[in-house]
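Read in order, the letters of the sequence shown are residues 1 to 48 in full-length UniProt numbering. Even for Gly, the Cβ is constructed at its ideal location relative to N, Cα and C. Working notes for the structure below.
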Amino acid sequence: MAKWSEYKCFDCDQIFLLPAGNKASTCPRCASDRIQYGGDRQLVDENS
């Protein structure tokens, strides 16, 4: 099981996930720094 941190960009509404422990400072789509941390997620890899 992988842990991910969820972020949302206020400028382009992109929701993106980073591996837990990594901090996002800008949106990967529009490079805005107006992003909000949305909490950690547990993602289940169905192939393992």
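Would you report the Cα separation of Ala-2 and Leu-18, rounded to the nearest angstrom?
-> 10 Å
If you compare alpha carbons, which of Asn-47, Arg-41, Gly-39 and Thr-26 is closest to Phe-10?
-> Thr-26
In chain order, each beta strand (DSSP E) run of at least 3 residues that lies wholly inside the region 15 to 45 | 15 to 19 and 35 to 43
For Tyr-37, does the count of other Cβ atoms within 10 angstroms reach 16, so buried, or fall short, so exposed?
-> exposed
State the DSSP-derived secondary structure class of Cys-12, mapped to helix, strand or coil.
-> coil
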